[in-house]
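First residue of the sequence shown? That's 1 in the UniProt record's numbering, and the numbers climb one at a time after it. Only one structure is covered here, and it is reproduced in the block below.
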Amino acid sequence: MLHTTQASWKSEIFQVTVGFLPDWAQTGALGLLVLAVLASWGVKLRRRLAHRRAVRSGQPVHAAAPYGQGRGADYLGAYAPRTGPDDTTA
1 MLHTTQASWK SEIFQVTVGF LPDWAQTGAL GLLVLAVLAS WGVKLRRRLA
51 HRRAVRSGQP VHAAAPYGQG RGADYLGAYA PRTGPDDTTA
């Protein structure tokens, strides 16, 4: 007895959605989907490489805000909390 696997609900929805399109549009939709997946992989890879370069070059990297996201206090200007040895708030 052969055991066949059933398609997941995601693939079923995708097949039904693409099934309504004409043949020429199905090819375009599949191409756009593949392009979107490859673009997201490319962005993730680019961010990961930039993060590695920053760590290797000794630049400070915030663990809570990876890949170049700064802290809110970095943009407060004169209102930013003081940090360092001359901090006299106590």
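Idealized CB from N, CA, C, for every residue including glycine. Please read these numbers as outputs of a predicted model, since none were measured by experiment.
As assigned by DSSP and simplified to three states, the class of residue i
i, result
"Ala90", "With a pLDDT of only 49 at Ala90, under 50, the local geometry of the prediction cannot be trusted, and the value read off the model is given with reservation. Ala90: coil per DSSP, three-state reduction."
"Leu21", "coil"
"Ser40", "helix"
"Gln15", "helix"
"Gly31", "helix"
"Gln26", "helix"
"residue 97", "This structure gives no information on residue 97, because the portion of the chain shown stretches from 1 to 90."
"Ala7", "coil"
Distance CB(residue i)-CB(residue j) smaller than 9 Å
i, j, result
"Gln26", "Val18", "yes"
Between the CA atoms of residue j and residue i - distance to the nearest angstrom
i, j, result
"Leu38", "Phe20", "25 Å"
"His51", "Ala29", "33 Å"
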